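Residue numbering for the sequence shown follows my numbering, starting at 41 and increasing by one per position.
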Amino acid sequence: APQGLELGKDVPDFAAKDLNGKEYKLSGLTKEGKIVVVFSWSFDCGSGKPVIPRATEVAKKYEKDDKVVFLAVNSYGETPEKLKAYVKDNSISYPVCHDEGKAIAKMFNAKQVNSTYVIKDGKLFWRGGLSKDGKDLGVDAIEAAKAGKPAPESDRKFAG
41 APQGLELGKD VPDFAAKDLN GKEYKLSGLT KEGKIVVVFS WSFDCGSGKP VIPRATEVAK
101 KYEKDDKVVF LAVNSYGETP EKLKAYVKDN SISYPVCHDE GKAIAKMFNA KQVNSTYVIK
161 DGKLFWRGGL SKDGKDLGVD AIEAAKAGKP APESDRKFAG
């Protein structure tokens, strides 16, 4: 069984196209010294409903920060048409990518749909739920990555 990615280990390069056909390549973003935040989400999944607006708020907070880039990856099977409509209706400003064939989800071995991955220097720095019990663990992780501090504890014990 695939083990998924270990914290501190290299994240294999991946490319994802957003809904407008623009391609984002992890290696390219990493080369520019960016911290890459990948949200794996689905609006058809019940637990995703509260996460997505929060993800949008967090992405807005970093909109003018040229060190941080956000990518949403949808591997849950919603069609690009449905995704486009959802993005428009919910004023989502960060790139949303359709994970054709769930390749990215498989690479992360994403057991839970709504997960956040923070990648720094091409390595998996942190993964977990973005927000829980009013705590924005994902934001803490982004701030730690920017400051060169160790990653905070994750709220999840990943088996994979």
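Every residue, glycine too, gets a C-beta built ideally from N, C-alpha and C. In this text the structure is predicted, and so the values were computed from the model without any measurement.
Contact check, residue i vs residue j, beta carbons under 8 Å
i      : j      : result
Ser80  : Val51  : no
Cys137 : Asp53  : no
Leu45  : Leu164 : yes
Val158 : Phe110 : no
Val91  : Asn154 : yes
Lys100 : Ser133 : yes
Pro135 : Lys62  : yes
Ser115 : Ala145 : yes
Ala191 : Ile75  : no
Residue i, buried or exposed, once every other Cβ within 10 Å from all chains shown has been counted against 16
i      : result
Gly188 : exposed
Asn219 : The first residue shown for the chain is 41 and the last is 200, placing residue 219 beyond what the model contains.
Gly48  : exposed
Asp139 : buried
Ser171 : buried
Gly169 : buried
Lys128 : exposed
Lys160 : buried
Gly117 : exposed
Ala56  : buried
Glu141 : One point to set straight first is that residue 141 is Gly, not Glu, in the sequence displayed. With fewer than 16 Cβ atoms within 10 Å of its Cβ, Gly141 is classed as exposed.
Gly73  : exposed
Ala181 : buried
Gly178 : buried
Asn60  : exposed
The beta strand (DSSP E) enclosing residue i, as first and last residue numbers
i      : result
Gly178 : No beta strand (DSSP E) contains Gly178, which is instead part of the alpha helix (DSSP H) from 177-187.
Val108 : 108-114
Ile132 : Segment: none, Ile132 is in no beta strand (DSSP E) and carries neither H nor E.
Phe165 : 163-168
Lys30  : It is not possible to answer for residue 30, since the shown part of the chain is limited to 41 through 200.
Val136 : 136-138
Residue i - containing alpha helix (DSSP H), residue span
i      : result
Tyr126 : 120-129
Lys146 : 143-148
Check: residue i C-beta below 7 Å from any heavy atom of the ligand HEM
i      : result
His138 : This structure simply doesn't include the ligand HEM, nor any ligand for that matter.
Completely contained alpha helix (DSSP H) runs for the segment 58-85, where each covers 4 or more residues: 66-71
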